[in-house]
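In my numbering, the protein residues as written are 1003 to 1294. Single-structure report; data block below.
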């Protein structure tokens, strides 16, 4: 199982994304915790209102939403009850059992996966502490759930297998859905410090991010579109604006990620150099035998 966590400022955007999937038959509402009513009685406004009521307790907190995806191996056939138990166990183990949350089961990819939406705001108006929640809390929870439910372990598998995403094929499924799944998985799981590096990864999945020609209005305004590529790497179909995706993979947001990933890369290089220097200081001279 692979667990991915992201944060945002709009619970409504996440809910609309999932509800649209439900309307298209690509997802279903699996669970609603903390709503004090049957999930069949909840409409979009009621779901949104439950979260926004908490968010309004502290309007100074802008990043107040958490979106989680739990991804399973394509070979795993998990029934509704098991998926519900996994979702509740995960939310309990990361400390969010008392928070309201909704769980959707999606069928629009080559593997079973859940989307969980919740708020970071508590009833006392304080924000849940989430610093390093992925590494320190989610990872141990994930490993425990893999063991308890007998799930395929994430370690030791190729990134593409772990993420469960396949290269886009024009006409096989709705273009926007294919692009959305691939772009989000790549942004959440890969590091890159430029649009060229981003496109190098996208190309593996038959996708391109395009700013347009330098003399175009789109380029001047910092616009960005995504398109599917055919087997000859030629764009096919109608390009889709970055701003139309709920997770907003716009050039402006990507540039923020470019800077963050570049800083992380520099830190890793510094750590690597320090570790190498520490090894070298142990020896007065080097031979081939020393390095082997």
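By construction, the Cβ of each residue, glycine as well, lies at the ideal position given by its N, Cα and C atoms. Nothing here was measured: the structure is a model prediction, and the numbers come from that model.
In the DSSP assignment, residue 1142 falls outside any beta strand (DSSP E) and lies within the alpha helix (DSSP H) extending over 1141-1151. A distance of 8 Å or more separates the beta carbons of residue 1101 and residue 1132. Residue state for residue 1051 is assigned as helix, using DSSP reduced to three classes. In the DSSP assignment, residue 1023 falls within the unbroken alpha helix (DSSP H) covering 1013-1025. DSSP places residue 1035 inside the beta strand (DSSP E), whose first and last residues are 1029-1035.
Assigned with DSSP and collapsed to three states, residue 1175 falls in strand. Under the criterion of beta carbons closer than 8 Å, residue 1194 and residue 1126 do not qualify as touching, at roughly 39 Å. Collapsing the DSSP output to three states places residue 1229 in a strand.
When DSSP states are grouped into helix, strand and coil, residue 1064 belongs to the coil group.
Annotation for residue 1009: the continuous beta strand (DSSP E) segment containing it runs 1004-1010. Counting of Cβ neighbours within 10 angstroms places residue 1251 among the buried residues, the total reaching 16 or more. Counting C-beta atoms within 10 angstroms of its own C-beta, residue 1155 has fewer than 16 neighbours from the protein chains shown and is therefore classed as exposed. With 16 or more other Cβ atoms inside 10 Å of its own Cβ, residue 1114 counts as buried.
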